[in-house]
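A quick write-up on the structure given underneath.
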Amino acid sequence: MNDTRDPLTELEPTQPAVEAADSMDAQELDAAQQSLADAMQVSFRLLTVIMVCLVLFYIFGSGWFQVSEQEKAVRLFFGEIAGDQSQQVLEPGWKPNWPYPVGENVRIPTAPRTIMIDKAFWFEVTERDQGKTLDEMAGGAGPLNPELDGALITGDANVVHAQFEASYRIGDGPSDPINYVTNVGDVALADALVRSAAESGIIRAVAEVEADDAVRGRINQNRAKLYANEILDGLATGIEITTLPAKRTTMPLSVLAAYRQVNDAESERANLINQARQEATQILRDTAGPGADGLFRLIQDFELAQSAGDAERAAELQALLDRSLTDQRLPEAYGGEPIVGEVRSTLNGALAFRTQEVEQIRTEVQRFESLLEMHGEVPAIVENRVRENARRAILGGEDNEAFWLAPGEIRIQVNRDPDVQRRVDERRLQAIQEQSNERREVIR
696 MNDTRDPLTE LEPTQPAVEA ADSMDAQELD AAQQSLADAM QVSFRLLTVI MVCLVLFYIF
756 GSGWFQVSEQ EKAVRLFFGE IAGDQSQQVL EPGWKPNWPY PVGENVRIPT APRTIMIDKA
816 FWFEVTERDQ GKTLDEMAGG AGPLNPELDG ALITGDANVV HAQFEASYRI GDGPSDPINY
876 VTNVGDVALA DALVRSAAES GIIRAVAEVE ADDAVRGRIN QNRAKLYANE ILDGLATGIE
936 ITTLPAKRTT MPLSVLAAYR QVNDAESERA NLINQARQEA TQILRDTAGP GADGLFRLIQ
996 DFELAQSAGD AERAAELQAL LDRSLTDQRL PEAYGGEPIV GEVRSTLNGA LAFRTQEVEQ
1056 IRTEVQRFES LLEMHGEVPA IVENRVRENA RRAILGGEDN EAFWLAPGEI RIQVNRDPDV
1116 QRRVDERRLQ AIQEQSNERR EVIR
């Protein structure tokens, strides 16, 4: 018996089997989808937490910044300065702020800054003149070229060259940092403003002094600073120039050699005057000691009174001068200093000489009176004694020379005996030396 069934038909699953398989696949798919959904949910929550942390760190963490000791700072909020007027300028330390681009931190350097003003008022230095001294460059220098050479005009209408050094900083006023941020805000611009203001102040200050003072560096730095700071204050820059000294000054190179010659001559003149004054002071002190100035003034006043014909005043000063020389001390009106030195030596010598002369005259008077009394009794004996004493005094002197004349031809010898002349000179020099030694002892 033939089987008419299709083999393929027999291999197809039955409807219940297919439904059972689909049910099993659906269950497995639901479990996978659930696991995937759970994993995605966890990842999303974790990502949310990370994003929240990043946002919080961005807001609260990146907004902190540090202000160092050499600066101040200003906070900006959407480009505007934040905070009350008293809190706008931040002192050194850690400070909070909104992160960029909401907030911004502007730092203000407070350390002094220095710039050189070395070309505006200086002559042009070519490459071949680099490293040369002023005297070396002056050898071939010609007239000034206004297009290339800078210069300053002094108060006496002369021309000088100068280089300056300007130091500046942000001012201490409460509005100075704000003005700096608002109107300057850049170091390069600050340098340019300071340079321009300093040059204007220097021009005005140099115009107030003479060329010789300018070349010698006697330019009024305070005046130059004042003029420059007036300009900076007028622009509300918040900048203050603290020092503005002249570093180098010179006359134009074409006249430098002649100026040096004049300067050397004046220096020599000043040295000679100073030396003369020192010598005069020393001479006065050797003459009268510490009372020399007072004694000089007293003598001058006396001479002026005599010249003016004021007899009463002259007599008063004469008495005062005599009393000062007698007491060897000046009155209080003229310093009250003691009179020493050669004046005291001379006064002491005069007093000693007067005493000696008085004693000698008194002795001679007594001797004469004694002889006079004896002459009344025995005149012949007294006269012979007087003649003998006179003859002995005349012929017995050490300076006298005796010439023995033989009978016959008489010859006159003009030249003195050299031995006698030598002894005379030695005694004279010895006397001078003794007087000098006595004078030194008196001065001491």
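Per the working numbering, the very first residue in the sequence shown carries number 696; after that it's consecutive. All residues carry an ideal CB built from backbone N, CA and C; glycine is no exception. On a predicted model such as this, the values are computed, not experimentally measured, just so you know.
Cα separation between residue i and residue j?
| i | j | result |
| --- | --- | --- |
| Gly929 | Asn915 | 22 Å |
| Pro838 | Glu925 | 35 Å |
| Tyr875 | Thr945 | 36 Å |
| Arg808 | Gly868 | 18 Å |
| Ala1088 | Ile1127 | 25 Å |
| Thr663 | Gly1036 | Because the chain in this structure spans residues 696 to 1139, residue 663 falls outside the shown range and cannot be described. |
| Arg1049 | Ile1056 | 10 Å |
| Gly1031 | Arg899 | 51 Å |
| Asp1017 | Gln995 | 14 Å |
| Glu1121 | Ser1040 | 24 Å |
| Glu935 | Gly912 | 23 Å |
| Thr976 | Arg864 | 51 Å |
| Asp733 | Thr743 | 15 Å |
| Arg1117 | Arg1123 | 10 Å |
| Leu999 | Ser1019 | 18 Å |
| Gln1130 | Asp981 | 15 Å |
| Gln825 | Asn917 | 32 Å |
| Ala883 | Val747 | 42 Å |
| Ile1138 | Ala1045 | A caution first: Ile1138 carries a pLDDT of 45, below 50, which makes its placement in the model too unreliable to give a value. |
Taking the Cβ atom as the reference point for each residue, do residue i and residue j lie within a distance shorter than 7 Å?
| i | j | result |
| --- | --- | --- |
| Thr937 | Ser862 | yes |
| Val855 | Ala909 | yes |
| Glu860 | Lys942 | yes |
| Asp871 | Gly933 | yes |
| Leu1042 | Gly989 | no |
| Gln1001 | Ala1014 | no |
| Ala836 | Ser962 | no |
| Leu888 | Ala919 | no |
| Trp986 | Pro1033 | According to the sequence displayed, residue 986 carries Gly and not Trp. Yes, the Cβ-Cβ distance between Gly986 and Pro1033 is below 7 Å. |
| Leu843 | Phe816 | no |
| Val1038 | Ala983 | yes |
| Asn878 | Ala931 | yes |
Taking residue i and residue j to be in contact with their CB atoms under 8 Å, please state how far apart those CB atoms are, rounded to whole angstroms.
| i | j | result |
| --- | --- | --- |
| Glu903 | Gly850 | 6 Å |
| Leu1012 | Phe997 | 4 Å |
| Ala923 | Ser895 | 7 Å |
| Ala893 | Ile812 | 6 Å |
| Met1069 | Val1060 | No, Met1069 and Val1060 are not in contact; Cβ-Cβ is about 15 Å, not under 8 Å. |
| Asn853 | Ala906 | 4 Å |
| Leu979 | Leu829 | With a Cβ gap of about 43 Å, Leu979 and Leu829 do not count as contacting. |
| Glu766 | Ile803 | 6 Å |
| Leu993 | Tyr954 | The Cβ separation is near 46 Å, so there is no contact. |
For the alpha helix (DSSP H) that residue i lies in, which residues bound it at each end?
| i | result |
| --- | --- |
| Val855 | Val855 -> not in any alpha helix (DSSP H); beta strand (DSSP E) instead, spanning Val854 to Ile865. |
| Arg808 | It is not in any alpha helix (DSSP H) - Arg808 instead sits in the beta strand (DSSP E) that spans Arg808 to Ile812. |
| Glu1155 | Within the shown structure, residues of the chain are numbered from 696 to 1139, placing residue 1155 beyond reach of any answer. |
| Asn924 | Gln916 to Gly929 |
| Gln1013 | Ala1006 to Asp1022 |
| Leu829 | Leu829 to Ala833 |
| Val820 | Where Val820 is concerned, there is no enclosing alpha helix (DSSP H), given that its DSSP letter is neither H nor E. |
| Ala906 | Ala906 to Val910 |
| Val876 | Asp871 to Asn878 |
I need the DSSP call for residue i, collapsed to helix, strand or coil.
| i | result |
| --- | --- |
| Leu890 | Here the sequence assigns Arg to residue 890, which means Leu is not the residue at that position. Note: Arg890 maps to helix in three-state DSSP. |
| Thr743 | helix |
| Ala941 | strand |
| Pro1074 | helix |
| Arg1087 | helix |
| Arg802 | strand |
| Pro985 | helix |
| Pro1033 | strand |
| Leu839 | coil |
| Glu766 | strand |
| Glu935 | strand |
| Met696 | Unreliable positioning characterises Met696 in this predicted model, as indicated by a pLDDT of 45, which lies under 50. The coordinate reading is nonetheless provided below. If DSSP states are grouped into helix, strand and coil, Met696 belongs with coil. |
Please tell me whether residue i has its Cβ less than 7 Å away from any Cβ of chain B.
| i | result |
| --- | --- |
| Asn1084 | Of the chains in the structure shown, none is chain B; there is only one protein chain. |
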